[in-house]
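Engineer:
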Amino acid sequence: MPEITRRIHRVSRREFIATATLATGFALAVQPISAKVIKTNTKGLIAGAVKIPVADEEIPAYRAQPSKGANFPIILVIQEIFGVHEHIQDVTRRFAKLGYLAIAPELFVRQGDVSKLTSIEEIRPIVATVPDAQVLSDLDATVNWAVKSSKGNASKLGITGFCWGGRITWLYAAHNPRVKAGVAWYGRLVGDKTEITPQHPLDIASTLTVPVLGLYGGKDTGIPLNTVEQMRAKLNNKSKIIVYPDAPHAFFADYRPSYREKEAKNGWRQLQKWFKQNGL
């Protein structure tokens, strides 16, 4: 049994969540760190760990926003399967430098601290137990916290996510019509329908009203291009998908060997353009 599972068995669920903290570095499961890691400083920002009230408990999150001003546009930043580690935290700081209030809630905390695990094989069984309904509810709570406690503007709400978080980006855009725009980075589009994953992005594509930009790699071995084309065919003209022909999965993850600088920088520019043209 993986160590994280043994630890959860020794403490109550409530005690685990109450004492959970965010990762202080990168995900152990995807070492070594790339030489091209982007490091965004906190000058002019308020940045760090916060607690988000959800249901009858709290979950940890990383928040970054300008140190001066108010009424900031809100960007939800949705993690990869590796948790809210340093790369995801850095992405929130990049948004804050652009004038946004960015928040990355730890959406796996009830199931386990995946950032401390050393292999994807240990992480996947934990992530597979995370119900979509729980995630969507936690994101609703995160938006409420952003408005009430962190000077966020509820009428200017955006979302972006990576890998696992890319899938959630599509689903949350369908769940919450208040979202102005979303950007989904190489999120899975199809899958088995289960009690905890009753829908997938392809299922909601034809009825999606929130404009979502999908960014995908043509050499992503985990997301077949035919599923990307199926998604593209079902979307209305508010949303669109860009495929980078030579990019693999996780091409934005600058701390991993999969990083592709050219495609990542272009994707980041496309994201900023997308958010601006959709009122963010």
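Residue numbers (this note's numbering): 271 to 550.
The beta carbon of each residue, even a glycine, is placed where N, CA and C say it ideally should be.
None of the values given here were measured: they were computed from a predicted structure.
(1) For a quick check, are the C-beta atoms of L552 and V453 less than 8 Å apart?
(2) Classify R530: buried if its beta carbon has 16 or more other beta carbons within 10 angstroms, exposed otherwise.
(3) Judging by CA-CA distance, which residue of P395, T477 and A374 is the nearest neighbour of G382?
(4) Please list, in chain order, all residues of the same chain as I474 whose beta carbon is under 6 Å from its beta carbon, the five residues on each side excluded.
(5) Roughly how many angstroms lie between the CA atoms of G431 and R437, to the nearest whole one?
(6) Which one or two residues does DSSP pair with N423 in a beta bridge?
(7) Please name the residue or residues paired with Q335 in a DSSP beta bridge.
(8) When DSSP labels each residue in this structure, what does G436 get in the three-state scheme?
(9) Rounded to the nearest angstrom, what separates P336 and V397 at their Cα positions?
(10) Relative to the C-alpha of A374, which candidate in D408, R333, R380 and K546 has its C-alpha closest?
(11) Straight-line CA distance for V417 to I493?
(12) Are the Cβ atoms of G225 and H519 separated by less than 8 Å?
(13) Using the three-state DSSP reduction, which class does A305 fall into: helix, strand or coil?
(14) At what residues does the beta strand (DSSP E) containing K463 begin and finish?
(15) Closest to L459 by C-alpha separation, out of D524, I511 and A331, would be which residue?
(16) Classify K489 as helix, strand or coil using the three-state DSSP reduction.
Structural biologist: Inspection of the coordinates gives the following:
(1) In this structure the chain extends from 271 to 550, so residue 552 is not present and cannot be described.
(2) Classification for R530: buried.
(3) That would be P395, whose Cα lies nearest to the Cα of G382.
(4) A444
(5) 8 Å
(6) P343
(7) Q335 pairs with I316.
(8) helix
(9) The alpha-carbon separation between P336 and V397 amounts to approximately 32 Å.
(10) The option with the nearest alpha carbon to A374 is R333.
(11) 35 Å
(12) Missing from the structure shown is residue 225; the chain here goes from 271 to 550 and no further.
(13) In the displayed model, A305 falls within coil according to three-state DSSP, outside both helix and strand.
(14) No beta strand (DSSP E) contains K463, which DSSP labels as neither H nor E.
(15) I511
(16) It is coil, neither helix nor strand.
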